[in-house]
Each structure stands twice: as structure tokens, then as C-alpha cells.
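The structure appears below as C-alpha cells.
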Amino acid sequence: MASAFFYGTLMHPTILKRVIGNEGSHLQICPALLPDYTRHQIHGADYPGIVPYSRSRGMFDHELEFEAKSVRGCLVIGLTSEDMRLLDIFEGNVSVDP
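Sequential numbering from 514 applies to the sequence shown in the numbering used here.
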């Protein structure tokens, strides 16, 4: 079983259920806050990405408030390998740099 943090359309249970093709009764979903990260528009994309605040702080001419240095989303626990496969298809070619 896997866990994932969602901060966009997949935060909505109806969309998540549609993507994974089941009711998600095996999942635990709770609100989550990812501190020290910020959302930024991705060049050439219709959706934002998140990056560590330490990497993006040079873009700002002042220190951001805590709320702006955090990304609100949801934590989904209990994703199966099939759920993850379908989520990967939905998300497309997205690189992740932990």
C-alpha cells in the first residue's frame, strides 16, 4: 500500500474515484499541510507544481507568510499498486525530485 499527497484536482474525492476506477473504500483521506513548499505555475502547463521554499525564495522580494510557504492538500493512505498505476497515467510524465 502507498500514500500520496494531492494538492490539485485529485483532492476532490469524486475525481480521485473516477481516476482509480473504484469507490476508494480502502482509502483513508485527511487534510494535510506540506510546510516549507510553495506552489508555482509550470511553464507551458495548465497546472501548478510544488517546489521547496528554499529553492524558490529568490523569486520573492520579501519573506513570505507561513501560509504562503505551505501547500494545503490531502494525504491519501492505502493506495494499491493498481491505484498508483492509474494515477501515473492520469498525471502523465511528471518528474519528481524529492
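Where a beta carbon is used, it is the ideal one built from N, C-alpha and C, also for glycine.
* **Inter-residue Cα distance where the pair is F519 and E604** => Approximately 11 Å between the Cα atoms of the pair.
* Which of helix, strand or coil DSSP assigns to S567 -> Note: S567 maps to helix in three-state DSSP.
* Compute the beta-carbon to beta-carbon distance between I590 and S516, rounded to the nearest angstrom, for a pair I have assumed lies under 8 Å. => Taking 8 Å as the upper bound for CB-CB distance, I590 and S516 are in contact here, some 5 Å apart.
* Mind checking who I542 pairs with in its DSSP beta bridge? => Bridge partners of I542: V589.
* N- and C-terminal bounds of the beta strand (DSSP E) containing F579 -> No beta strand (DSSP E) contains F579, which DSSP labels as neither H nor E.
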